[in-house]
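Residue numbers (our numbering), protein chains in the order written: chain A, 125 to 389; chain B, 125 to 389.
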């Protein structure tokens, strides 16, 4: 067996999220069926993490182990798989990696982008791809709010619980570091970009929702700063933005080991 | 009854085209159900023309007659209807017009845009929105080819037959005038824009297909020019581009009567 690291882009609208489910209508299920068809045997793939139903990706990463009978040049893998995939899922890159590589455990960070549309009437081509916020709000305050998330914080107020957390929840369980934030405006769209070492369940959507509540004047920047820097046990983000606008842009790995262009094997 | 002119945008992917069909899965059917629900009585709408299955619109125009019980300000019509429509169809503009206005017969021209993607791997968000032509071809020759269509020509070679044409086909039946053409490139996308006084069935897709055959060297510009300017009875465009990349951008009406901003009534 040889381990391969794949990069995938997908339109999340037709799928029930990344993670395999009994009904088989998830991105992982569709990818595993393509691999299994190609290999003639059941194949499991391992993603860098889940994306929720309706969330998109331009740079999701996963790994799979290919039988030695399928040792083709790395740059032939995308086409070999894309012919077996619906057009809403594309493999954009593949490279052979050492057996110690793991898409989830080797990752050092992720970049997400959230798209908000300010159009008076949502463009039908943005349906499911942008959060429609046509009423008055301030992009300037949104930007100030988003930058408050930078740094290492206890993100308790910006984490939804999956229900499988250890009890009592250990000290530092919700601590994460946001290394970069950016707000950019292009026509009717406002794009928020978050890069961090790790993200909690629904964290980007809860940060975006809270920042937008500040931008439309429902909470102050001071109140938001307290949620971020000194949360009380019951503090919660005032709003969770919908999945529509969210795209996983990139998963980061240590450059020295897995450069985008460098062939390991 | 009061006549209203509506402008609509739609993502054509989920629909079997504009024109009403028994199954009810067309844009016209969905719109008529929204009007009928609002009026409490069956309502027919009249489009500027058909768009085929999978073809999109940013500026389709149609008219409808509203009962006098529904005389609301023109700028309230889009929201009143959009709440009853799927997000892939949006009413973007409405205005009251004189009873003599007809979306089809009053139109003086249309503008269509065709989108080609040159990306090595088609972006999953472009699936159904662009024609994927990743192999080598010349945007420069495409542009020269597209401009050959300007002017008044017998477009016999660029018309698909619907089967309901008069026989024998009258002299001049396929004569049309293309008033403007444009080719623009943005990143991986090449956009071709055609404005004309009228378009035959599949004409934009047949022009685009032929221009692309020239751009990839399958026919010469001289051969294309002959198809346009001196077609023989059996001449046909060498290729019909798929519906995916096609968008009806605008329907033109005499400015003096129906300006976009001018309220008639």
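Note that the Cβ used here is the ideal one computed from N, Cα and C, for glycine as well.
Across the structure, residue 321 of chain B and residue 181 of chain A are spaced so that their CA atoms are roughly 42 Å apart. Put simply, the backbone Cα of residue 360 of chain A is about 9 Å away from that of residue 334 of chain A. Taking 4 residues as the shortest admissible run, the stretch 322-356 of chain B contains the following complete alpha helix (DSSP H) segments, listed from N- to C-terminal end: 327-339 and 345-353. Take the alpha-carbon of residue 189 of chain A and the one of residue 136 of chain B: they are about 39 Å apart. Counting only runs of 4+ residues, the alpha helix (DSSP H) found wholly inside the stretch 177-216 of chain A occupies 201-206, in chain order.
Residue 318 of chain A places its beta carbon 9 Å or farther from that of residue 377 of chain A. Contact note: residue 197 of chain B does not reach chain A at a C-beta cutoff of 9 Å; the least C-beta distance is about 16 Å. For the 9 Å CB-CB criterion, residue 174 of chain A and residue 141 of chain A form a contact. By alpha-carbon distance to residue 285 of chain A, the top candidate from A/350, A/250 and A/358 is A/358.
Residue 183 of chain A and residue 171 of chain B have their alpha carbons spaced roughly 41 Å apart.
Relative to residue 132 of chain A, the option among B/261, B/246, B/281 and B/363 whose CA is nearest is B/246. Counting only the Cα atoms, residue 259 of chain A lies some 48 Å from residue 198 of chain A.
Interface with chain B (9 Å Cβ-Cβ cutoff): residue 365 of chain A is excluded.
A straight line joining the alpha-carbon of residue 244 of chain A with that of residue 256 of chain A spans about 9 Å.
Closest in alpha carbon position to residue 187 of chain A, among A/195, A/196 and A/226, is A/226. Closer than 9 Å to the CB of residue 349 of chain B there is not a single CB belonging to chain A.
For residue 134 of chain B, the residues of chain A that pass the 8 Å Cβ criterion are 248, in the order they occur in the chain.
The three-state reading of DSSP puts residue 152 of chain A in helix, counting H, G and I together. For residue 281 of chain A, no beta strand (DSSP E) run applies, since DSSP gives it neither H nor E. Nearest CB-CB separation between residue 299 of chain B and chain A: not below the 9 Å threshold. The beta carbon of residue 268 of chain B sits closer than 7 Å to those of 345, all from its chain and outside the five residues before and after it, given in chain order.
Under the three-state reduction of DSSP output, residue 268 of chain B falls in the helix class.
DSSP, reduced to helix, strand and coil, places residue 308 of chain A within a strand of the structure shown. Taking 9 Å as the threshold, the shortest C-beta distance from residue 235 of chain B to chain A does not fall below it.
Between residue 251 of chain A and chain B, the shortest Cβ-Cβ separation is below 9 Å. The CB of residue 206 of chain B comes closer than 8 Å to the CB of 245 in chain A, given here in chain order. By the rule that beta-carbons nearer than 9 Å mark a contact, residue 313 of chain B does not touch chain A.
Residue 264 of chain B counts as exposed, since fewer than 16 other beta carbons sit within 10 angstroms of its beta carbon. Distances from the alpha-carbon of residue 303 of chain A to those of A/309, A/293, A/275 and A/311 put A/275 closest. Under DSSP, the beta-bridge partners assigned to residue 372 of chain A are A/181 and A/236.
Excluding its 5 nearest sequence neighbours in each direction, residue 271 of chain A has C-beta neighbours in its own chain below 7 Å: 305, listed in chain order. The count of Cβ pairs closer than 8 Å, one atom from the stretch 139-156 of chain B and one from the stretch 206-219 of chain A, stays below three, leaving the stretches out of contact. In this structure, residue 315 of chain A sits away from residue 337 of chain A, with a CB-CB distance that is not shorter than 9 Å. In the structure shown, residue 318 of chain B falls within a strand segment according to DSSP collapsed to helix, strand and coil.
Of the residues assessed, residue 342 of chain A falls on the exposed side of the cut-off, its CB having fewer than 16 other CB atoms within 10 angstroms. Within chain A, the residues 248 and 251 have their CB atoms less than 8 Å from the CB of residue 212 of chain B, given in chain order.
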